[in-house]
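Peer 1:
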Amino acid sequence: MECRSACFTTTLHYESPAHGGWGVIRVAALVPEVYMLFVSPFACGRHGALGGIINGVKDKVSYLFIGEKEIVSGDYEAQVFRAIEELFAFLKKKPRVLFLFVSCLDDMLGTDHAALDEKLEQTYPDVLFRSCHMNPIQSDTPLPPLVSLNRNMYSLLSSSDEKEAEHFKNYVNLIGNNVLPAVGSELYRIMGDNGIRVRHISECKTFDEYYAMRTSGMNIVLSPAAAFAARDMEKNPGIPYFLSYVTYDPDGIKDMYAELAKKLSDAGMNVSFDIERDYENAKTSLRETAAFLDGTPVAIDFQSVKQPCALAKTLISYGFTVKLLAVDKILPFEKESFEWLKTHAPHLEIASPLHHDSPKFAYRSYSDCLCIGFDCGYMTGSEKVVNIMDDEGNFGFSGVVRLMEMMRSANAHRADVAEMIREAKLII
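Right, here's the structure in full:
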């Protein structure tokens with residue numbers, strides 16, 4: 000297995016125009032009736048402001064810019080209180096939730112945010128306050144910004160009434176994924192066949208609708224970003240959880256559904272899943288797409304799917320030619336697949352698109368690749384690019400079929416990577 004750009008060495012980052020994701024503002028804006036106040040130096044606020052404009056949520060965000068005077072004078076927290084008072088006087092309608100975002104500077108000041116939030120809620124009892132961090136220095140820790148943000152978002156779902164929870168027993172929440180699985184997902188059918196309805200934050204129009212998610216019988220976690228939140232919710236409001244990160248391995252998906260059925264039954268939701276036809280369709284789609292591509296080299300980037308190593312393993316197992324894997328690290332749940340690749344795909348090249356030496360290498364030699372993700376599409380200059388980010392819309396067997404359809408379509412049509420990047424509205 001070949002390795003460029005020192006692979007996973009911790010170093011300065013190269014941020015290409017294709018790098019980024021939803022960003023904390025866009026994710027936080029999923030909470031209905033929310034408002035965000037950013038407390039930071041001007042430069043950090045400028046970044047957030049542009050993110051709000053790009054993603055169409057600038058009407059939900061305000062800024063309190065702080066400088067040396069506020070830091071050295073000890074007037075920092077008082078400034079925050081005055082800013083919130085002024086903000087609520089200005090807004091036509093007080094929000095149900097206020098996310099108070101602070102930057103890296105706050106980590107150095109050591110603000111007691113639990114005490115701050117409590118004091119704010121005593122002052123404004125009709126508003127829920129959560130302190131959030133917009134601090135890239137936490138990116139390599141167990142609690143990077145999006146993980147801690149998910150914890151804050153779902154901590155809003157406080158303890159549920161026992162009678163109400165029983166009434167809504169046949170509901171499950173999907174958490175961690177910003178976008179619902181596509182309409183054709185078998186998940187909706189098999190849940191519906193068992194009298195279970197699926198809830199997701201993106202479908203909630205009011206905070207009360209979102210708050211009702213606290214009464215669901217199970218959290219199905221589709222992304223690592225919400226794993227900590229799910230553990231918190233198991234304690235309060237007492238919702239059991241099931242980790243089900245998106246995978247494209249039909250056997251893995253079949254095993255996942257068997258484990259999910261057991262987990263739901265243990266929670267008092269007796270179910271039976273009829274998935275054999277979906278299982279066969281997924282395998283057929285993989286085999287037919289491999290034959291259709293007929294040896295066309297494939298590249299995969301870590302922004303397109305949450306488990307790029309696992310996807311590479313699946314594709315290789317079904318006869319695809321995977322040539323390049325663009326990843327910046329190997330996460331714990333990917334280590335098994337990574338070890339498999341080292342043994343079974345020794346000629347697969349792995350490169351970190353974030354390494355500062357990345358622009359020096361001739362990735363244009365991979366321009367013949369069918370790229371899964373526009374990050375490696377940008378790196379290689381390929382004209383065959385699958386426009387996907389964070390597994391959006393994909394889950395289960397239907398997710399496999401959908402990805403195969405996207406790959407066949409991308410192989411047949413010339414991609415406009417620059418337009419893909421613009422449409423993605425990326426935030427670093």
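In my numbering, the protein residues as written are 0 to 427.
C-beta atoms are modelled at their ideal positions from N, C-alpha and C, and glycine is treated no differently.
This structure is a prediction, so every number in the text was calculated from the model and none was measured.
(1) Using C-beta distances below 7 Å, list every residue in its chain close to Y317, excluding the 5 sequence neighbours before and after it, in chain order.
(2) Which class does G380 belong to by DSSP, given the choice of helix, strand or coil?
(3) Does the beta-carbon distance from M388 to Q306 come in below 8 Å?
(4) Pick helix, strand or coil for G267, following the three-state DSSP scheme.
(5) Measure the CB-CB distance between D425 and G19 and report whether it falls below 8 Å.
(6) Quick one: using the 10 Å Cβ neighbour count with 16 as the cut-off for buried, is D374 buried or exposed?
(7) Find the nearest neighbour of H346 within the set D273, I315, A411, S154, judged by alpha-carbon distance.
(8) Skipping 5 residues on each side, what residues in its chain have a beta carbon closer than 8 Å to that of P296?
(9) Can you check the stretch 297-341 for any alpha helix (DSSP H) of at least 4 residues that lies completely inside it and give the ranges in chain order?
(10) Using 8 Å as the Cβ pair cut-off and three pairs as the minimum, do the stretch 411-423 and the stretch 33-42 touch?
(11) State the DSSP-derived secondary structure class of L115, mapped to helix, strand or coil.
(12) When you compare only the Cα positions, how much space is there between P249 and F396?
(13) Any chance the CB of G294 is under 7 Å from a heavy atom of the ligand COA?
(14) Buried or exposed for T9, going by 16 or more other Cβ atoms inside 10 Å?
(15) Shortest alpha-carbon distance to N134 belongs to which of R95, S147, F291, S154?
(16) If you pair each beta-carbon of the stretch 259-279 with each one of the stretch 173-189, do three or more pairs fall below 8 Å?
(17) If we count the other Cβ atoms within 10 Å of its Cβ and call it buried at 16 or more, is D265 buried or exposed?
(18) According to DSSP, what are the bridge partners of H354?
(19) Between which two residues does the beta strand (DSSP E) harbouring L242 extend?
(20) Under DSSP, the beta strand (DSSP E) around F100 begins and ends at which residues?
(21) Give me, in chain order, the residues of the same chain whose beta-carbon lies closer than 8 Å to that of S336; leave out the 5 immediate sequence neighbours on both sides.
(22) Relative to the C-alpha of F41, which candidate in K204, L104, L119, I53 has its C-alpha closest?
(23) What is the rounded straight-line gap between the Cα of Q432 and the Cα of C131?
(24) Output the boundary residues of the alpha helix (DSSP H) element that contains Y209.
(25) For F41, which three-state DSSP category applies?
(26) Look at the alpha carbon of H166 and the alpha carbon of P31, and state the distance between them as a whole number of angstroms.
(27) Would DSSP call C203 helix, strand or coil?
(28) According to DSSP, what are the bridge partners of S61?
Peer 2: According to the data block:
(1) So the qualifying residues of the chain are L285, R286, A289.
(2) In the three-state reduction of the DSSP assignment, G380 falls in the coil class.
(3) One thing to note: M388 has its Cβ no nearer than 8 Å to the Cβ of Q306.
(4) In the structure shown, G267 sits in coil (DSSP, three-state: anything other than H, G, I, E or B).
(5) As written in the sequence, residue 425 is Leu, which differs from the Asp given in the question. Yes, the pair counts as a contact, with Cβ atoms nearer than the cut-off.
(6) Around the beta-carbon of D374, 16 or more other beta-carbon atoms lie within 10 Å, marking it buried.
(7) Closest option to H346, Cα to Cα, is I315.
(8) Within the same chain, P296 has close Cβ partners T320, V321, K322, L323, Y365, D367, C368, L369.
(9) Fully enclosed alpha helix (DSSP H) runs of 4 or longer: 307-316.
(10) Under the three-pair Cβ rule at 8 Å, the stretch 411-423 does not count as touching the stretch 33-42.
(11) In the structure shown, the three-state DSSP call for L115 is helix.
(12) If I take the Cα positions, the gap works out to 7 Å.
(13) Annotation note on the ligand COA: not contained in the displayed structure, which lists no ligands.
(14) Classification for T9: exposed.
(15) Ranking R95, S147, F291, S154 by Cα distance to N134 puts S147 first.
(16) By the Cβ criterion, the stretch 259-279 is in contact with the stretch 173-189, since at least three pairs of Cβ atoms, one from each stretch, lie closer than 8 Å.
(17) D265 sits exposed, since fewer than 16 C-beta atoms from the chains shown fall within 10 Å of its C-beta.
(18) Partner(s): H12.
(19) Unbroken beta strand (DSSP E) run through L242: 240-242.
(20) Looking at the DSSP string, the run of the beta strand (DSSP E) that includes F100 is 96-102.
(21) Apart from the 5 residues on each side of it in sequence, S336 sits with its Cβ closer than 8 Å to the Cβ of Q306, C308, A309, A311, K312 in its chain, given in chain order.
(22) Nearest of K204, L104, L119, I53 to F41, Cα basis: L104.
(23) Lying outside 0 to 427, the shown extent of the chain, residue 432 is not represented and no answer is given.
(24) First-last of the alpha helix (DSSP H) with Y209: 206-210.
(25) F41: helix per DSSP, three-state reduction.
(26) A caution first: H166 carries a pLDDT of 46, below 50, which makes its placement in the model unreliable, though a value can still be read off. Whole-angstrom Cα-Cα distance: 23 Å.
(27) In this structure, C203 counts as coil in the three-state DSSP scheme.
(28) For S61, which the question treats as bridged, DSSP gives the partners L36.
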